[in-house]
Amino acid sequence: DQQVKQNSPSLSVQEGRISILNCDYTNSMFDYFLWYKKYPAEGPTFLISISSIKDKNEDGRFTVFLNKSAKHLSLHIVPSQPGDSAVYFCAASVEAAGNKLTFGGGTRVLVKP
Amino acid sequence: DTAVSQTPKYLVTQMGNDKSIKCEQNLGHDTMYWYKQDSKKFLKIMFSYNNKELIINETVPNRFSPKSPDKAHLNLHINSLELGDSAVYFCASSRISGNTIYFGEGSWLTVV
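Just so you know, the protein sequences line up as chains A and B, in that order.
So the first sequence is numbered by my numbering: it starts at -11 and just counts up by one.
So the second sequence is numbered by my numbering: it starts at 821 and just counts up by one.
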């Protein structure tokens, strides 16, 4: 039973354009959400997070949007750069239950020069 | 300086063997984890330790035994390795009250 889903396994975008990655979740208890970026043969690297009390969080080129009613979050990367080519994982947790992250299956992003 | 380091990075071993993966973090975190990335690329939590105390055990076979000698170390010992144990194992850490988890580079285990 996948509680966090990333329905697009891959995404290709031109350098300079916007990358939009989507993530859906089913567990309404989730109240903290994170995006991780992963290069081949490396561990996931924390990118940005959002608490359920917010609907948007921005950090430089990265913005995460949360729609609690739709149980949907998205990551926007603007402008996309070739170095952004990686696998992006969405993750969710219940803050009161400790730091147990439930991950989506990942979206592979390719930014073309 | 690597914040969360794990060794070995690559390990090929035969079925039935016992092996260990070591993990150390220098972030001063109180909580450490083991995650497994399976063949379908899903990352799933296996164990979580808070100050050397086990707090999460996600129905992992008891052939897997984590050991935390101190809060900066969390080692994973696997007995009687099976083909299905082949995966990438990630160690991670976080503050007790922190929501952000920091991962090591992963240990690629192949059981043949």
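The beta carbon of each residue, even a glycine, is placed where N, CA and C say it ideally should be.
Entirely enclosed beta strand (DSSP E) segments - the segment 846 to 932 of chain B, minimum 3 residues:
You should have 851 to 857, 863 to 870, 873 to 877, 884 to 890, 893 to 898, 907 to 914 and 927 to 931.
List the residues of chain A whose Cβ lies closer than 7 Å to the Cβ of K861 (chain B), in chain order.
Residue numbering aside, residue 861 (chain B) sits at position 41 when the second sequence is read from its first letter. Taking a Cβ-Cβ cut-off of 7 Å, the neighbours of K861 (chain B) in chain A comprise G93 and G94, given in sequence order.
Between the beta-carbon of L54 (chain A) and the beta-carbon of I38 (chain A), is there less than 8 Å?
Taking the first sequence and counting its residues from 1, the one referred to as residue 54 (chain A) is at position 66. Taking the first sequence and counting its residues from 1, the one referred to as residue 38 (chain A) is at position 50. Cβ atoms of L54 (chain A) and I38 (chain A): closer than 8 Å.
On a CA-only basis, which of A:A79, A:G94, A:P28 and A:V52 is nearest T14 (chain A)? Give me that one, please.
Position 26 of the first sequence, counted from the start, is the residue given in the question as residue 14 (chain A). Distances from the CA of T14 (chain A) to each of A:A79, A:G94, A:P28 and A:V52 were compared; the closest alpha carbon is that of A:A79.
Continuous beta strand (DSSP E) stretch holding Q2 (chain A): start and end
On the first sequence, residue 2 (chain A) is found 14 positions in, with the first residue counted as 1. Element bounds for Q2 (chain A): S(-2) to Q2.
Buried or exposed: where does D905 (chain B) fall if 16 or more other Cβ atoms within 10 Å of its Cβ makes it buried?
Here residue 905 (chain B) is taken as the residue at index 85 of the second sequence, counted from 1. Buried is the call here.
Under 8 Å from the C-beta of E925 (chain B): neighbouring residues of chain A
For the purposes of this step, residue 925 (chain B) is taken as the residue at position 105 of the second sequence. Under the 8 Å cutoff, chain A gives A29, E30 and G31.
Three-way DSSP call (helix, strand, coil) for E46 (chain A) in this model
Your numbering for residue 46 (chain A) matches position 58 in the first sequence. In the structure shown, the three-state DSSP call for E46 (chain A) is strand.
Residues in the segment 65 to 93 of chain A having any Cβ partner in chain B nearer than 7 Å
Within the segment 65 to 93 of chain A, the residues whose Cβ lies closer than 7 Å to some Cβ of chain B are F77, S81, E83, G86, N87, K88, L89, F91 and G93, listed in chain order.
Mind checking L894 (chain B): buried by the 16 CB within 10 Å criterion, or exposed?
Along the second sequence, one-based indexing puts residue 894 (chain B) at 74. So L894 (chain B) ends up on the buried side.
Helix, strand or coil: how does DSSP classify D12 (chain A) here?
The residue you call residue 12 (chain A) lines up with position 24 of the first sequence. Residue state, collapsed to three classes: strand.
For Y869 (chain B), which residues in chain A fall below 7 Å Cβ to Cβ?
By 1-based counting over the second sequence, the position of residue 869 (chain B) is 49. Within chain A, no residue comes near Y869 (chain B); the closest Cβ sits about 11 Å away, beyond 7 Å.
S16 (chain A) CB to nearest chain C CB: under 8 Å?
Protein chains A and B are contained in the structure displayed, whereas chain C is not.
Exposed or buried, which one is M835 (chain B) when buried takes at least 16 other CB atoms within 10 Å?
Counted from its first residue, the second sequence places residue 835 (chain B) at position 15. Taking all protein chains in view, the Cβ of M835 (chain B) is surrounded by fewer than 16 other Cβ atoms within 10 Å, so the residue is classified as exposed.
Once DSSP output is grouped into helix, strand and coil, what is the label at A58 (chain A)?
Here residue 58 (chain A) corresponds to residue number 70 of the first sequence, with the count starting at 1. In the structure shown, A58 (chain A) sits in coil (DSSP, three-state: anything other than H, G, I, E or B).
Backbone secondary structure at A29 (chain A) - three-state DSSP:
Here the question's residue 29 (chain A) lines up with position 41 in the first sequence. The three-state reading of DSSP puts A29 (chain A) in coil, since its state is none of H, G, I, E or B.
Under the three-state DSSP convention, the category A823 (chain B) falls into
Counting from one through the second sequence, the residue named residue 823 (chain B) turns up at place 3. Per DSSP, reduced to three states, the secondary structure at A823 (chain B) is coil, with no helix or strand assignment.
Minimum C-alpha distance to V97 (chain A) - residue among A:H64, A:E46 and A:V82
The residue you call residue 97 (chain A) lines up with position 109 of the first sequence. Here the closest residue by C-alpha is A:H64.
Contact between the segment 880 to 897 of chain B and the segment 855 to 871 of chain B is defined here as three or more beta-carbon pairs at a separation below 8 Å; is this criterion met?
Judged by Cβ distances under 8 Å, the segment 880 to 897 of chain B makes contact with the segment 855 to 871 of chain B, as three or more pairs qualify.
Near T930 (chain B), what residues of its chain come up, given a Cβ to Cβ distance below 6 Å and the 5 sequence neighbours on each side ignored?
The sequence position of residue 930 (chain B) within the second sequence is 110, counting from 1. Listed in chain order, the non-local C-beta contacts of T930 (chain B) below 6 Å within the same chain comprise V832 and S906, local neighbours out to five positions each way being set aside.
What separation, rounded to the nearest whole angstrom, lies between the Cα atoms of E46 (chain A) and F34 (chain A)?
Locating residue 46 (chain A) in the first sequence gives position 58, where the first residue counts as 1. Locating residue 34 (chain A) in the first sequence gives position 46, where the first residue counts as 1. It is roughly 14 Å from the alpha-carbon of E46 (chain A) to the alpha-carbon of F34 (chain A).
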